[in-house]
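To start, the structure under review is shown below, and the notes come after it.
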Amino acid sequence: MKARLVIEVNRKPYPVEVDPNTPLLYVLRNNLQLNGPKYGCGLEQCGACMVLLDGKATPSCLLPVGTIKKQSIVTLEGLTQPNGSLSPVQRAFVEQQAAQCGYCLNGMVISATALLAENKQPDDIAIRQGMERVLCRCGTQSRIIRAIRQAAKEANP
Amino acid sequence: MKETADSITQSRRNFLKTAGCLTIGFSFSCQPLSASEKPPWQDSLPGSLRQQPQINAWLEVLDDGRIRIFTGKLELGQGIRTAIAQVAAEELDMDLNKVEVHLAETGRTPHEGYTAGSGSIENSAMAVRYAAAAARQKLLELAANRWDKPADQLNVANGKVQQKTGAEQFTFAQLLNGKQLEDDVRLPVALKPKSDYRWVGKPIPRTDIERMARGEPVYVQDLRFPGMVHARVVRPLAQGAKLRSFDVAALKKTVPGVLKTVINGNFLGILATEEYEAVQSQLFAREQARWETAKPLPDEKKLAEYIKKIPAKTRTVKESGDLKTIQQQEGSLLKASYFKPYHMHGSIGPSCAVALYQENKLHIWTHSQGVYPLREALKEMLGLETDAIHVVGVPGSGCYGHNGADDVAADAALLAMAYPGKHVRLQWSRDDEHGWEPYGSAMRMEAEARLDRSGKITHWRYDLWTDSHSTRPGGEPGNLLVARSIEKPFSAPSGGYSGGGYRNSEPYYTIPNLKVDAHFFEGPLRVSALRSLGAYANVFAIESFMDELAEKAGKDPLEFRLAHLDDERAMAVVKKLQELTRSEKMAANEGIGFAFSRYKNVATYCAVAARVFVDTKTCTVQVRKMWSVIDAGEVINPDGLKNQTEGGMIQSASWTLKEQVTFGREHVSSRDWRSYPIFRFSDIPEVEVVIIDRPTEKPLGAGEAAQGPTAAALTNAIYRACGKRIRDLPINLEVRGETRE
Ligand code: FES
Ligand code: FES
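So this is what it looks like as C-alpha cells:
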C-alpha cells in the first residue's frame, strides 16, 4: 500500500508517495531521479548504493524508506556545493582520475566522505577499513586510496 | 601460431568474434625497433577505414565550430572516448573540448564489430586519425580555392582556416556550406609530425570522470523515459530447465502493480509500474514457478580431471624442431600440470537494457560491446528486418569481455515487443548476473621441458584443454541466453572462436624443439570472452613453469628468461623490471616473483613482479606490492595506459588468489559476492607501473597485457616466500590445503 512520506534528501524535504517497504535506493533513483546511488547487488554486499544517513555511509538497497524518520539523507549529488564546485573528496577523485568504468564511484566517494568526517588523518589501515564494504571490479582501488590521501591532506594541510 | 595482424583482422571480419575488453591498444604484427619517423603501416589505410573510407563516416563538422567524431566502439572504462578525441583534435589542431565523440549506434556510427581484443585504438582511433588528417587536407584545399591562394599559405586552428598573412578566415562550417566531407580518405595522408603533438602522448584527464563524480547520468542504468515501465526476469533453477507451471493470477494478487507477465516457452518476464513491484514479483515468482530440471552438472571438485576427459577436438598450434629427442640422458627433464577454474566477469552493475517497440520499430539502449552484431542476432531471434531494429550503445558498468550485456538486451527486446508503446527498462539482479553470465572457461595446462647441461631449454611440449573463449552473438541468435529457452528455441552453435583458448600458448622464448597442442572441449558451464581469453591461463602456466625450470637450472629467474629471449623490446621490459626491484629486501615469509609475456605474442610487452607475504599460521597470502613494466608502442594517453595496467594487475590478482565459479549438481552456486568473493580494500597491494614509451612504433593492445604475467608472478612469489608451488588456482584454496582430487 502506498503512503505519503516526507524524506529529507540533500538538505531539502521531498514528499513521496510510495510503498513504505520500498528500499530507499529505488525511491532516490526513480522518484527523485537521482543517479548517484547505484544498484549493484541489492544485498548490502557491494556498496554501490551508498548514501550518507545522518553522515554515516549506509547502503540504501535494502533499507525500507518507511523506516527513515528524521534522518538526513545525502547522496553523491548533495556533496557538490550549491555553486557547483566539487567537494574535496569528489575533486580528489577527479584529479587522481580514480575511475575506470566508474560504476563504483558513488559508493567510493560517499564512503570516503564519511571516513574523513570521522577520521581527519586516516592511516593506510584506517582507509582500507573504512572502504572495505565497497567493491570495485576494475581494480581502481590503488588510485582511490591515493585520492583519499589527497583529500585528507588538502583538508588538513 | 602467432596471431598476426592479418589473421586477426580476417577472423574479426569473418566471424566478428574476438574478445577481451578493457583496452586502449593495438594488435599488429611484430615491428622491429626502428628509428624511422614514418609510420610503418602507411602503405594501406589503417583499421576500420578499410571498410568505411568516407571522411564523413567518421567526422562531422558542426555549425558551432565543433567537430563530432563517430566511433563504432563503446566506452567500457578504458577511456577510449578521450583517446579518440586526442587523435582527432591533434590532426585538426583543435582544442580538446571542441571535439565531441559519438559512441556506437546502428545507422549512425561505423560498423566496427566489437569493442574488444585490444582493437579500439588500432581500428577506431587510427581510422579517426587518418580521417581527421584527410579532412584537414580537404578543408585546406577548399579554402585555397576560395581565396585562390596556395594551401601552404594557410593555417588550420580551432575549427577555422585562416591566411598566414592576414586576418581573413573561414570556419569549417562556412567552407562546407551546410555539406559534409563525403570524399574517401586516400593515401598518402599527410599526418601531423609527432614532434608537433599537443595532445597525443599526454596524460589528458578523462572528462567523464567528473560527470561520474557529480552523479550525472552516464550509464544505461541511468536512462529514464516518460512512462517507462520496469521489468525483471525469472531464470530457471538449473541450466536447461523447463517451466512447468506459473500462477499468473497469484502473482497479480500478491503484487497488484504488475502490468503484464510474459511467458514465452521457458522464458518468464514480469513488467510493473514501479521498480520495487518488479523486484517483489521476481522474488515471488522465484518461489512460485515450478521447473523441471535437466541433465545434472559434473562434480565441481573434480573439474580439473573432468575437463581432460571430455571428448575434445585437437589442434596443433605450433610444431618446430624434433620433439622425439626429448627423452634422452643428457640434461634434465621437468613436467608440471596447471589448472584454472571458471572465472566470472562480475561487473559491479548487473546488466541492464531499455527497449521500446513502437510503430513496428524496435529501439534498444544497451551496453553491448557490439551494437551491429547484436542487431543481427536479434533480427534472427525476433524475425524482424534489419531496418526495424535500432541499437544505441550506452556505457554500462565495466564488463571485461562478454558479460550479460547482450543477453539482457535480448530479454528486454522480447518484453518490449510483448508490451508495445512503452519504454521497458530491464535490470538483471545480482543473482541473474552471477548465475547466468557466460564465464571465462576453466582450463588445464600440461608442460614438459628438457634443459641441457648449460641450463638452456632444448625441448618444450605443451598441451592445453579449453572450452570456447567467444560465444558473442555475432548474428547467431543461439548465442543469446534467452533465444535458447523461447517457444521456438535456437540452439547454441558449438565451437565458438576456439582461437582464444590457445592465445599465448606458444612461449615467446627461443626454444629449438617445440610442440604446442590445444584440445577443445565443450564443458558444463556457459562460457565466453573474459579479458585476455586463454592468455591468462597459458601465461600463468608457461611463466610458472619457466620459474620451475630456472630453479632446476640453478639460474636467477629473470636472467633465465633473458637468456631465452631474442627480442630487444622484450628484453628491455625484463631488464627494467630487474632494475626496479633489485634493491627490494624481503622480510621473513616474504617472497618476490616475476613473469613476462608479450600479449598475443604480437602486441604489448609486459613484465610483472609481485611481492607477497605468506602467513603460514593462518595460511593466508597478502600481496604487498606489484610492479609492471609495459611497452605498448606509441602511447596515446600514458595515464589511461597506467590506469588500465594498474587495474589489470589488481583484477588478475583477485582472480588468481580468490576466484572460482562453484556449482552444484543443478546450477552455479556462486550467486552473490559472498559465494564468489573478489578483492576488497584489505586485499589491495601497492601497484607501480612503468611505461617504456616508443613514440615511433605502432600503438599496441594494452588493456589485457598484465592479466597473465600477474598470475604467475604471484605464484612464483609464494614459492619464494614459503616453498609451496601453487599449480592449481585459486591460490587461497591451495594455500589452505583444500586441494582438488
Ligand atoms: S547495491 Fe546495495 S550494497 Fe550492493
Ligand atoms: S571503476 Fe569500474 S567498478 Fe570501480
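These protein sequence lines are chains A and B, in that order. Counting along the first sequence from 1, when you hit position 4 you're at 4 in full-length UniProt numbering, and nothing is skipped either side. Counting along the second sequence from 1, when you hit position 394 you're at 394 in full-length UniProt numbering, and nothing is skipped either side. Cβ atoms here follow ideal geometry from the backbone N, Cα and C, with glycine treated the same way.
Residue i CB to nearest heavy atom of ligand 2 below 6 Å
{"i": "Arg206/B", "result": "no"}
{"i": "Gly398/B", "result": "yes"}
{"i": "Cys104/A", "result": "yes"}
{"i": "Gln96/A", "result": "no"}
{"i": "Cys138/A", "result": "yes"}
{"i": "Ile209/B", "result": "no"}
{"i": "Ile110/A", "result": "no"}
{"i": "Ile650/B", "result": "no"}
{"i": "Ile348/B", "result": "yes"}
Span separating the alpha-carbon of residue i from that of residue j
{"i": "Arg611/B", "j": "Gln121/A", "result": "27 Å"}
{"i": "Asp6/B", "j": "Glu446/B", "result": "Low confidence applies to Asp6/B: its pLDDT is 36, below 50, so where it sits in the model is not reliable, and the reading given next is rough at best. Rounded to the nearest angstrom, the two C-alpha atoms are 29 Å apart."}
{"i": "Leu733/B", "j": "Glu300/B", "result": "14 Å"}
{"i": "Gln31/B", "j": "Glu659/B", "result": "Its pLDDT being 28, under 50, Gln31/B is placed unreliably by the model, and the measurement read from it follows with that caveat. Their Cα atoms are separated by approximately 36 Å."}
{"i": "Met108/A", "j": "Val89/A", "result": "10 Å"}
{"i": "Glu376/B", "j": "Ser44/B", "result": "29 Å"}
{"i": "Gly79/B", "j": "Asp639/B", "result": "10 Å"}
{"i": "Ala3/A", "j": "Gln282/B", "result": "23 Å"}
{"i": "Cys606/B", "j": "Arg671/B", "result": "34 Å"}
{"i": "Leu336/B", "j": "Ser544/B", "result": "The amino acid at residue 336/B is misidentified as Leu; the sequence shows Ala. Taking the straight line from one Cα to the other gives about 9 Å."}
{"i": "Ala135/B", "j": "Ile630/B", "result": "34 Å"}
{"i": "Asn479/B", "j": "Ala238/B", "result": "18 Å"}
{"i": "Met1/A", "j": "Gly257/B", "result": "10 Å"}
{"i": "Cys138/A", "j": "Gly664/B", "result": "28 Å"}
{"i": "Trp365/B", "j": "Thr80/A", "result": "29 Å"}
{"i": "Ala653/B", "j": "Pro341/B", "result": "14 Å"}
{"i": "Gly331/B", "j": "Tyr719/B", "result": "24 Å"}
{"i": "Val482/B", "j": "Arg425/B", "result": "17 Å"}
{"i": "Pro110/B", "j": "Leu451/B", "result": "52 Å"}
{"i": "Gln71/A", "j": "Ser675/B", "result": "33 Å"}
{"i": "Asn156/A", "j": "Gln129/A", "result": "21 Å"}
{"i": "Lys318/B", "j": "Gly708/B", "result": "20 Å"}
Supposed contact pair residue j and residue i - C-beta distance, whole angstroms, cut 8 Å
{"i": "Thr581/B", "j": "Ser528/B", "result": "Actually they do not touch by this definition, with Cβ atoms about 36 Å apart."}
{"i": "Val279/B", "j": "Arg232/B", "result": "6 Å"}
{"i": "Pro395/B", "j": "Tyr219/B", "result": "6 Å"}
{"i": "Ala595/B", "j": "Ala712/B", "result": "4 Å"}
{"i": "Leu533/B", "j": "Thr604/B", "result": "That belief does not hold up - the Cβ atoms of Leu533/B and Thr604/B are roughly 15 Å apart, past 8 Å."}
{"i": "Ile121/B", "j": "Ile678/B", "result": "With 8 Å as the limit, Ile121/B and Ile678/B do not qualify as a contact, their Cβ atoms being about 28 Å apart."}
{"i": "Phe560/B", "j": "Ala550/B", "result": "4 Å"}
Secondary structure of residue i, DSSP reduced to three states
{"i": "Leu103/B", "result": "coil"}
{"i": "Leu142/B", "result": "helix"}
{"i": "Phe594/B", "result": "strand"}
{"i": "Asn97/B", "result": "helix"}
{"i": "Glu8/A", "result": "strand"}
{"i": "Gln78/B", "result": "coil"}
{"i": "Val200/B", "result": "coil"}
{"i": "Tyr502/B", "result": "helix"}
{"i": "residue 757/B", "result": "What the structure shows of chain B is the stretch from 1 to 741, and residue 757/B is not part of that stretch, so it cannot be assessed."}
{"i": "Asn513/B", "result": "strand"}
{"i": "Glu60/B", "result": "strand"}
{"i": "Glu300/B", "result": "helix"}
{"i": "Ile55/B", "result": "helix"}
Proximity test, residue i beta-carbon vs ligand 1 heavy atom, cut-off 6 Å
{"i": "Glu44/A", "result": "yes"}
{"i": "Gly591/B", "result": "no"}
{"i": "Pro296/B", "result": "no"}
{"i": "Gly47/A", "result": "yes"}
{"i": "Pro59/A", "result": "yes"}
{"i": "Cys101/A", "result": "no"}
{"i": "Cys619/B", "result": "no"}
{"i": "Gly40/A", "result": "yes"}
- Could I get the ranges of all uninterrupted beta strand (DSSP E) runs contained in the segment 40 to 104 of chain A, with 3 residues as the minimum, in chain order? Inside the segment 40 to 104 of chain A, DSSP marks whole beta strand (DSSP E) runs of 3 or more residues at positions 50 to 53, 56 to 59, 72 to 74, from first to last along the chain.
- Task: Output the residue ranges of the beta strand (DSSP E) runs that lie fully inside the segment 212 to 295 of chain B and measure 3 residues or longer, sorted by chain position.
- Result: Runs of the beta strand (DSSP E) inside the segment 212 to 295 of chain B: 229 to 233, 242 to 245, 258 to 264, 267 to 272, 290 to 292.
- Item | Entirely enclosed beta strand (DSSP E) segments - the segment 543 to 605 of chain B, minimum 3 residues | Fully enclosed beta strand (DSSP E) runs of 3 or longer: 590 to 598.
- Query: Residue ranges of each alpha helix (DSSP H) run of no fewer than 4 residues wholly in the segment 100 to 151 of chain A, ordered along the chain?
  - Reply: The segment 100 to 151 of chain A contains these whole alpha helix (DSSP H) runs: 105 to 118, 124 to 131.
- Message: If we require 3 or more residues per run, which beta strand (DSSP E) segments fall completely within the segment 397 to 462 of chain B?
- Response: Annotation note: the segment 397 to 462 of chain B contains the following uninterrupted beta strand (DSSP E) runs of length 3 or greater, listed N- to C-terminal: 423 to 427, 443 to 451.
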